[in-house]
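A.B. asks: Please read through the structure below; I'll follow up with questions.
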Amino acid sequence: MPWQQVRWPLALTLAAAGLGLIGGLAWALRPRAEAETAALARRSLREATHQLDLFLQTYPTAPGEARGALQRARSAFDQAAGHLSLTRPAEVQQGRADFEQLQALTAAEAPPEAVLPLARRLRERIQALQGE
Numbered sequence: 000m001p002w003q004q005v006r007w008p009l010a011l012t013l014a015a016a017g018l019g020l021i022g023g024l025a026w027a028l029r030p031r032a033e034a035e036t037a038a039l040a041r042r043s044l045r046e047a048t049h050q051l052d053l054f055l056q057t058y059p060t061a062p063g064e065a066r067g068a069l070q071r072a073r074s075a076f077d078q079a080a081g082h083l084s085l086t087r088p089a090e091v092q093q094g095r096a097d098f099e100q101l102q103a104l105t106a107a108e109a110p111p112e113a114v115l116p117l118a119r120r121l122r123e124r125i126q127a128l129q130g131e
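Counted the way numbering that gives the first Met the number 0 counts, the sequence shown spans residues 0 to 131.
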């Protein structure tokens with residue numbers, strides 16, 4: 000068989016084998032990437048919990064400073080939400096709603112008796128998500 004007739008089937012076979020190798024490597028690395036994403040989500044949730052602790056401590060005496068901690072907690076939660084929305088969409092949606100309500104209450108300078116119970120419940124929910 001002349002070289003010209005063998006060249007195209009050989010090239011197609013090598014291309015298919017190369018694509019299969021690349022696909023196999025990508026598939027093999029997928030669980031590792033998921034585990035790393037889950038670890039980053041847990042780290043973000045820990046940071047959200049820490050910032051909520053600061054919020055709970057400072058809101059009664061310094062509401063202005065507490066707003067910063069609440070914003071940082073919201074940002075940390077939002078970072079974790081991408082991963083969590085795949086497995087726990089209802090909890091993510093509830094967390095976002097709680098943060099929005101807390102931010103509205105703190106913007107209105109609501110008394111601590113109205114704000115702190117919601118912040119504690121949100122902190123407990125975020126801690127529950129960390130264990131997963």
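Yeah, the Cβ is synthetic: ideal placement off N, Cα and C, and Gly gets one too.
Identify whether P110 lies in helix, strand or coil by the three-state DSSP scheme.
C.D. replies: Coil at P110, not helix or strand.
A.B. asks: Return the first residue and the last residue of the alpha helix (DSSP H) that A61 is part of.
C.D. replies: Careful: A61 lies outside any alpha helix (DSSP H) and carries neither H nor E.
A.B. asks: Of the residues P59, E35, G94, which one's Cα is nearest the Cα of F76?
C.D. replies: Ranking the options by Cα distance to F76, first place goes to G94.
A.B. asks: Kindly give me the distance between the Cβ atoms of Q126 and T48, rounded to whole angstroms, as I take these residues to be in contact under 8 Å.
C.D. replies: Confirmed, Cβ separation roughly 6 Å.
A.B. asks: With a Cβ-Cβ cutoff of 7 Å, do L117 and A79 count as a contact?
C.D. replies: Result no, Cβ atoms of L117 and A79 do not sit closer than 7 Å.
A.B. asks: Taking the CB atoms as reference points, tell me whether A72 and Q50 lie closer together than 7 Å.
C.D. replies: Yes, these two residues count as a Cβ contact at 7 Å.
A.B. asks: Return the residue from the list A103, A14, T36, A15 that minimises the CA-CA distance to T86.
C.D. replies: Checked all of A103, A14, T36, A15; the closest Cα to T86 is T36.
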